[in-house]
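In this note's numbering, the protein residues as written are 302 to 393. From the three backbone atoms N, C-alpha and C, an ideal C-beta is built for every residue, glycine too. Just so it is clear, the structure is predicted and the values come from calculations on it, not from any experiment.
(1) Tell me whether residue 325 sits in a helix, a strand or coil according to DSSP, three-state version.
(2) What's the call for residue 302, buried or exposed, on a 16-neighbour Cβ count within 10 Å?
(3) Is residue 369 closer than 9 Å to residue 310 when the C-beta atoms are compared?
(4) According to DSSP, is residue 343 helix, strand or coil?
(5) Let me know the secondary structure DSSP gives residue 338 once reduced to three states.
(6) For residue 361, which of helix, strand or coil comes out of DSSP?
(7) Using CA atoms only, rank isn't needed, just tell me which of 354, 377, 385, 312 is closest to residue 334.
(8) By the 10 Å Cβ neighbour count, where 16 or more other Cβ atoms means buried, how is residue 307 classified, buried or exposed?
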């Protein structure tokens with residue numbers, strides 16, 4: 302599941318690079334995923350933003366596959382939030 306989230310985050314980054322920020326890539330993708338996979342949850346715009354940040358933080362899929370995917374998604378989110386807080390604290 303973590304690798305699926307990484308792949309979605311990668312798609313978001315690629316689409317935003319091609320289409321730009323104003324294209325509402327995340328909102329459109331969220332709607333498309335919810336429509337296509339009605340049985341699944343976790344495709345809110347907020348979660349998709351975390352998936353995008355996940356790829357930015359760990360851009361090498363090989364590392365994610367070997368290491369990061371070994372811990373649950375919720376733990377990865379906690380690490381992302383901690384990393385963001387640390388960066389903000391050290392930059393101020």
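Put simply:
(1) The three-state reading of DSSP puts residue 325 in coil, since its state is none of H, G, I, E or B.
(2) With fewer than 16 Cβ atoms within 10 Å of its Cβ, residue 302 is classed as exposed.
(3) No, the Cβ-Cβ distance between residue 310 and residue 369 is not below 9 Å.
(4) When secondary structure is reduced to three states using DSSP, residue 343 falls in the coil class, being assigned neither helix nor strand.
(5) In this structure, residue 338 counts as coil in the three-state DSSP scheme.
(6) Looking at residue 361 - three-state DSSP - the assignment turns out to be coil, as it is neither helix nor strand.
(7) Comparing Cα-Cα distances from residue 334 to each of 354, 377, 385, 312, the minimum goes to 312.
(8) With 16 or more other Cβ atoms inside 10 Å of its own Cβ, residue 307 counts as buried.
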